[in-house]
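Contents: one structure, followed by commentary.
Residue numbers (my numbering): 44 to 644.
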């Protein structure tokens, strides 16, 4: 019998005992390294005008970020412990202390990044960008110079860091904590009541049984509704904090800081949003087909992810691993090697449990630390795809580690979802190969549903966020009714007339955690549409995988625009985004024809 620890994170590589003795010992080393850097460079301004000195300073800074940033292993350890048990007050207390330590360290060395961004003369900026000696840091310097006009003084930036916890971090996770700790009774098909937690209900609400889904939906909504007032206060606080930050940093648009952080031009995001929203009719057609296939005239908001009857096949975790391994092996042997390492070293936390955060994610901090992946596996087809998706992120991280320095060890948000959706879609392609027509239709619909969720729904969410920030800045405070109406109106744009407006839709913003990470969601749409292009090229020529790996290894050494230009992709043109949408339309037409052939509609 398997030990359940096999399916939980092994955090020993970070901390073995996690007691005061171990933590204080590691803190002492980290503090010394930060002080050494500060003493060496704070009063030595030669790096602002001398390329050789700047190279030395950047090398020291890179080494510090690689080995000792973000509080070392302490913060990483306790944030991971928090994610798997958000009701553990002892972990919360230790995480708070770790966060305080991280902020203290950030403020210790904040002068350096600020000096580079604000104090290097313009003529020297151009000289440094063209200096071969600084080639490994060129794009870091480019971004620093661009951000300079939005940065405050050193003391002001320290205050911004110190206030971020109470003004943003604590609020951002408040509602989610309440939801993850909540339970509700669900009446099963035998009329028996069963107590289930929020994440279990969320995972099972995809059932095709109308009565059970109604019971699950009612239980889900009853939990969410309890926290409307909390979520109202939370979101208004986040909106106010964003408004204050944008004013202080002189950003003209609510989403401008996101674009700067993501190293992407606003006009590229605008082109994406415009192109996708102009084609919401594709989502409407899909929803109309889906309603016919499940025998409903109208769909409710919580019906949007219904699974079809012939997709009832379950995939336990071992079967899921086997399938994903086979796919990775056929795409690229290095991908398989990375994946096997994650499993062998217990870097995946697999099953849902009370207190554990819902959903799934892949996380990394320092280049020298392990990547960890969180799942909530319930044996559904979507759970297989989730493994491929999150491991795709992990593979992306590991490839960047091999090629980039710590200043380039990150994935631009605009392209963060490329690796994940690239891997996910190859798993679906594998399933399609051996499917009969019934199964093929179901899989095609699953694929289309993922596209609708990750492209059209996320773009609608981005549009909701734009309206949300605009309305807040006009009115000063938004009631839960105001927010609910904005959310419902925007969701209906992509859902179409097949869906009925409902109270469930009005409260949909409460549990959507991504809207707290302002304007992040466009990256799902951009990533998926770009990955469709890369997949098409690999299918034409398997050798193109080397180009894909080149992209996955780039990190932030170039802007997304530059990375894709080198692959022959111009993401500044609306025609590029349309090409991906045409592929979705082709799949939709094929599904509509197959549904008619099988007399499903």
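Idealized CB from N, CA, C, for every residue including glycine.
Every value quoted in this text rests on a predicted model; they were computed, and no experiment measured them.
From 83, 112, 82, 67, residue whose alpha carbon lies closest to that of residue 449: To locate residue 449, count along the chain shown from 1; it is residue 406. Ranking the options by Cα distance to residue 449, first place goes to 112.
Is any heavy atom in the ligand FAD found nearer than 7 Å to the beta carbon of residue 136? This structure does not include the ligand FAD; it has no bound ligands of any sort.
Coil, strand or helix - residue 240 by DSSP: As a working note, residue 240 is residue 197 in the chain shown. Strand, per DSSP.
Leaving aside the five residues before and after residue 344 along the sequence, list all residues of the same chain whose C-beta is less than 7 Å from its C-beta, in chain order. Within the chain shown, the letter at position 301 stands for residue 344. Result list for residue 344: 542, 545, 547, 548, 551, in chain order.
Going straight from the alpha carbon of residue 595 to that of residue 237, what length do you get? By one-based count along the chain shown, residue 595 stands at place 552. By one-based count along the chain shown, residue 237 stands at place 194. Whole-angstrom Cα-Cα distance: 45 Å.
In whole angstroms, what is the alpha-carbon distance linking residue 256 and residue 490? One-based indexing of the chain shown puts residue 256 at position 213. One-based indexing of the chain shown puts residue 490 at position 447. So the alpha carbons of these two residues sit roughly 22 Å apart.
Counting only runs of 4+ residues fully inside the region 223-300, write out the alpha helix (DSSP H) ranges in chain order. 241-247, 253-269, 271-292
Assigned exposure category for residue 465 - 16 Cβ within 10 Å defines buried: Numbered from its first residue, the chain shown carries residue 465 at position 422. That one is buried.
Residue 584 burial status per 10 Å Cβ neighbour count (16 or more: buried): Residue numbering aside, residue 584 sits at position 541 when the chain shown is read from its first letter. Result: exposed.
Would you mind listing the beta strand (DSSP E) stretches within the region 437-470 that are 3+ residues and don't spill past its ends, in chain order? none
Give me the Cα-Cα distance between residue 611 and residue 592, rounded to the nearest whole angstrom. Residue numbering aside, residue 611 sits at position 568 when the chain shown is read from its first letter. Residue numbering aside, residue 592 sits at position 549 when the chain shown is read from its first letter. Distance between the alpha carbons of residue 611 and residue 592 is about 15 Å.
C-beta atoms of residue 164 and residue 413 nearer than 8 Å: Sequence index remark: in the chain shown, residue 164 carries index 121 (1-based). Sequence index remark: in the chain shown, residue 413 carries index 370 (1-based). Their beta carbons are not under 8 Å apart, which means residue 164 does not touch residue 413 by this criterion.
Report the residue ranges of all alpha helix (DSSP H) runs contained in full by the region 506-555; include only those spanning at least 4 residues, in chain order. 523-538, 546-549
Looking at C-beta atoms only, is the number of pairs between the region 109-125 and the region 395-409 that lie closer than 8 Å three or more? Because the criterion of three Cβ pairs below 8 Å is met, the region 109-125 and the region 395-409 touch.
Quick one: which unbroken alpha helix (DSSP H) runs of 4-plus residues sit fully inside the region 563-635? Chain order, please. 565-583, 588-595, 603-609
Checking the sheet assignment: what are the DSSP bridge partners for residue 416? The count along the chain shown starts at 1 and reaches residue 416 at position 373. Answer is 391, 405.
Coil, strand or helix - residue 342 by DSSP: Counting from 1 along the chain shown, the entry for residue 342 is found at position 299. Here residue 342 sits in strand by DSSP.
Just checking my contact of residue 182 with residue 599 at CB under 8 Å: how many whole Å lie between their CB atoms? The sequence position of residue 182 within the chain shown is 139, counting from 1. The sequence position of residue 599 within the chain shown is 556, counting from 1. Residue 182 to residue 599, Cβ: 6 Å. Contact.
In the region 134-206, which residue ranges form an unbroken alpha helix (DSSP H) of at least 4 residues, counting only runs that do not cross its ends? 165-172, 181-190
What span of residues does the alpha helix (DSSP H) with residue 103 cover, start to end? Start at 1 with the first residue of the chain shown, and residue 103 comes out as number 60. Residue 103 -> alpha helix (DSSP H) spans 94-110.
With three or more beta-carbon pairs closer than 8 Å as the criterion, would you say the region 302-322 touches the region 238-256? no
Given that a residue counts as buried once 16 or more other Cβ atoms are within 10 Å of its Cβ, and exposed if not, what is residue 277? As a position in the chain shown, residue 277 is number 234, starting the count at 1. Buried, since its Cβ has 16 or more Cβ neighbours within 10 Å.
Which of the three DSSP states is assigned to residue 429 in this structure? Position 386 of the chain shown, counted from the first residue, corresponds to residue 429. In this structure, residue 429 counts as helix in the three-state DSSP scheme.
If we ignore side chains and look at the alpha-carbon of each, how far apart do residue 390 and residue 485 end up? For the purposes of this step, residue 390 is taken as residue 347 along the chain shown, with counting starting at 1. For the purposes of this step, residue 485 is taken as residue 442 along the chain shown, with counting starting at 1. The C-alpha of residue 485 is placed about 32 Å away from the C-alpha of residue 390.
Whole angstroms are fine: how far does the CA of residue 634 sit from the CA of residue 367? Indexing the chain shown from 1 puts residue 367 at position 324. Indexing the chain shown from 1 puts residue 634 at position 591. Approximately 25 Å between the Cα atoms of the pair.
Under 8 Å Cβ to Cβ from residue 514, same chain only, skipping five residues before and after it: list those, please. The residue you call residue 514 lines up with position 471 of the chain shown. So the list reads 521, 525, 529, once near-sequence residues are dropped.
Nearest residue (CA-CA) to residue 223, options 429, 402, 119, 117: Along the chain shown, one-based indexing puts residue 223 at 180. Minimum Cα distance to residue 223 is reached at 402.
Looking at the structure shown, is residue 44 part of a helix, part of a strand, or coil, going by DSSP? What you label residue 44 is simply residue 1 of the chain shown in a count that begins at 1. In this prediction, residue 44 has a pLDDT of 38, which is less than 50 and means its spatial position is unreliable; nothing more can be read from the coordinates.
At a cut of 8 Å, does the region 356-364 reach the region 269-285 through at least three beta carbon pairs? no
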